[in-house]
Every structure is written in structure tokens, then in C-alpha cells.
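Numbering (my numbering), first residue to last: 37 to 390.
And the structure:
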């Protein structure tokens, strides 16, 4: 089957690009003729304040990529759609509602001559703007099928449009694998918050919950700037125990970050699907996570991490206290196992292609 995936890939960074690339490789391995229709310029800078591209690939780049799409060139959107007329399946990778205008241009060019699947990483953003719902509704009403990453997201998609919706959990597409070094010997009394810092991810709750005698490393891009976090750290009087490492963390830097930590903490207020539990486990550390989205599905409470109710600094503080009970960090670390990606990808590809 001839399949075109419209979405980011190297030199774009992050989970969306990693997923698009791995999906292309997996479909190619099944014998399909795959091309990625990617971006020369994906977003205006004011809509994506972080670093958009990287100099070195994370994983193996896919061999067949057209980098012609540009958010400033509607004529290029239509031409991409015309190219899709020659495919048997077009997959639109939906990461943000700001992609919808280009995708509508692509669909106009495709002229409904090929089946189109909207692959929704998030049907709607965690932090929504007034135009998000109308834009996503307009897109989903023009596609043939939708693939969502949870039953909750599938229900949201069904509420917006009549297209059939399939559900498959987001499969592992980790940017960095364990490099052979062991997780920290002994107990460091240091936790890790990893990834893009946005309000829904709850860093402020973790800072308020941080117990005396425990340190924290925060590594990732701060979308709203550092000032609010620095002010909160100063207000709480924990500057001597909080290390801020702003900026994108390249794949080769990831193992050292996890090797210094006793646990990865994911204090999200809301979530759909995330790779971060698997990333923590891949690097040998337990995960303390809230019971939201797929986070709770990937942590076995009391075995390879701890689960806590979302939105409460007090509940998070209590969970960290339980984690640091004598012998608990070592016991939970012993329960950590790396994820086997194969069954997850088999189920995912079956849902996508059915």
C-alpha cells in the first residue's frame, strides 16, 4: 500500500517528530511504500516559543521525506494534497489546532480521492484557546477516520465529528535508550522533572511539595519563561535544592540526567498519552506520577513507582515521603523493567491500518 504521513520529522525535535519517524519505519518494515510529507517551516515562532529543530537526529531518519510544507505558503498545502491523490492512505499527524489551516488546504488539494486518517496525539490541547474546538471540528468533519490514543480522547473526537474513531495506546518511541550505565547506586535524595514545562504538567505543585532534605532537577524548555518558576522557588526558600536546566535536552544528555535521580516525578494536572513513564523505566528509575491519562496505565503502584491523585501538593508531598521511607527507593528501583515496544506497535499498526 502507498502511504503518506503528513507530519514533522528530523530536523524537527520532540515526541511528535520521533513518533512520525518511527511510524514510517514500522510501516516500511511491513512492506508498505511510505513517504513523509514534512515541513520546511512548521509554525511561526510566536506560536512555538521553544527550539523547533535540532542539529543531530534522534534515532534513524527515514529515507523518503519531502520537506516542502511551509505555514506561509497555502499554494504548497494544495500541491501536497494533489500528491496525496496518488496514495492509498494519507495520515495527518494532528499535534496542534494551528496545523488545521494547512491540513484543510491539503484536503482541498486531495479532493477526497484518497482515504484520510487523522492521527490525533491530542484531539484538543490541554490549555485551550477559543478557536481550538472550531478548528479541530472543521478538520475531523473532513477526514474518513480518526485514531485516538485513549478512550477519553476518542469520546472527545466523536463529540466533534461523525468520522469513525479507532483507539490505540501511544506506542514507545523513546528518544534515548539506556547507555549501559546503571542508575545511581544508593539513594541520592534527588528527584527529576523532565520535559517541556507547561502549566498542566504541575511543576508548581512539585515545588510546593518538595520535602526538606530532597533536591530536584528540572530539565526542559520553559514555554512561559523562567521568571515565574524562579520567583516561586525563591518564595518557597528552596533555591539551594532546585537545579533549573532550561532548554531542550538532547538525546545523548538524557542518560546522565536519569543516572543522578532516585525517581522521575510526573505531577501532571491532566494528560492524554506520554512517553515519560517508559523513558524513566528505560533508564532504570521508578516514577512518581498522578492518576491522569496513560500515566496511571504505565506505572504499577508500589512495584515500579507510586501513583497519587492529581492537583494536590499535599498528596504529592505525602507520596514523596512514602517513596523515601527506609529501603523503598531500592525496592522500587528493583521493580523497574524496560518496556517491550513490539506488542504496543503491533496493536497500534493494526488499528491504524484496519
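Each residue gets a CB set at the ideal place from its N, CA and C atoms; glycine is no exception.
Here the structure is a predicted model, which means the values were calculated and not measured.
Just grab the DSSP bridge partners of residue i for me.
i           : result
residue 73  : 42, 102
residue 337 : 341
residue 251 : 226
residue 324 : 301, 342
residue 290 : Paired residue(s): none; residue 290 is not in a bridge.
residue 279 : 253
residue 115 : In the DSSP output, where bridge partners are listed per residue, residue 115 has none listed.
residue 154 : 128, 182
residue 295 : DSSP output for residue 295 lists no bridge partner at all.
residue 48  : 89
residue 202 : 183
residue 233 : 258
State yes or no: is the C-beta of residue i within less than 7 Å of the C-beta of residue j?
i           : j           : result
residue 61  : residue 39  : no
residue 183 : residue 388 : yes
residue 307 : residue 341 : no
residue 16  : residue 44  : Since the displayed the chain opens at 37 and closes at 390, residue 16 lies outside it and no answer follows.
residue 352 : residue 344 : yes
residue 179 : residue 190 : no
residue 11  : residue 256 : Residue 11 falls outside the range modelled here, since the chain spans only 37 to 390, and no answer is possible.
residue 137 : residue 375 : no
residue 162 : residue 309 : no
residue 63  : residue 210 : no
residue 100 : residue 71  : yes
residue 280 : residue 254 : yes
residue 119 : residue 150 : no
residue 197 : residue 181 : no
residue 102 : residue 73  : yes
Quick one: measure Cβ to Cβ for residue i and residue j, integer angstroms, because I've assumed they're closer than 8 Å.
i           : j           : result
residue 335 : residue 300 : Contact flag wrong, Cβ pair sits at about 10 Å.
residue 107 : residue 77  : 6 Å
residue 192 : residue 160 : 6 Å
residue 392 : residue 265 : Here the chain comprises residues numbered 37 to 390, so residue 392 is not present and cannot be evaluated.
residue 204 : residue 383 : 6 Å
Report the option in the options whose CA atom is closest to the CA atom of residue i.
i           : options            : result
residue 91  : 234, 377, 332, 285 : 285
residue 287 : 136, 231, 260      : 231
residue 226 : 101, 278, 89, 134  : 278
residue 236 : 150, 354, 63, 164  : 164
residue 142 : 111, 122, 162      : 111
residue 380 : 263, 270, 206, 370 : 206
residue 126 : 209, 272, 59       : 59
residue 370 : 222, 89, 63        : 222
residue 105 : 80, 280, 247       : 80
residue 167 : 187, 135, 386, 270 : 135
residue 355 : 273, 246, 260, 259 : 246
residue 258 : 88, 274, 282, 251  : 282
residue 261 : 87, 228, 50, 196   : 87
residue 386 : 252, 42, 41, 66    : 66
residue 37  : 93, 170, 124, 46   : 124
residue 252 : 359, 198, 274, 173 : 274
residue 49  : 94, 42, 83, 82     : 94
residue 41  : 359, 173, 188, 117 : 117
residue 249 : 115, 224, 373      : 224
residue 377 : 311, 177, 82, 47   : 311
residue 228 : 47, 313, 367       : 313
residue 170 : 195, 188, 187      : 195
Between residue i and chain C, is any beta-carbon pair separated by less than 7 Å?
i          : result
residue 77 : In the displayed structure, chain C is absent; only one protein chain is listed.
Handout entry: Segment contact flag, the segment 291-300 with the segment 312-324, C-beta cutoff 8 Å, min 3 pairs
Key = yes
Exercise for the section: May I ask you to verify whether the segment 46-59 touches the segment 139-146, counting CB pairs closer than 8 Å and requiring at least 3? Expected result: no
Exercise for the section: May I ask you to verify whether the segment 129-142 touches the segment 153-173, counting CB pairs closer than 8 Å and requiring at least 3? Expected result: yes
Exercise for the section: Please confirm if the segment 236-250 is in contact with the segment 338-358, defined as three or more CB-CB distances below 8 Å between the two stretches. Expected result: yes
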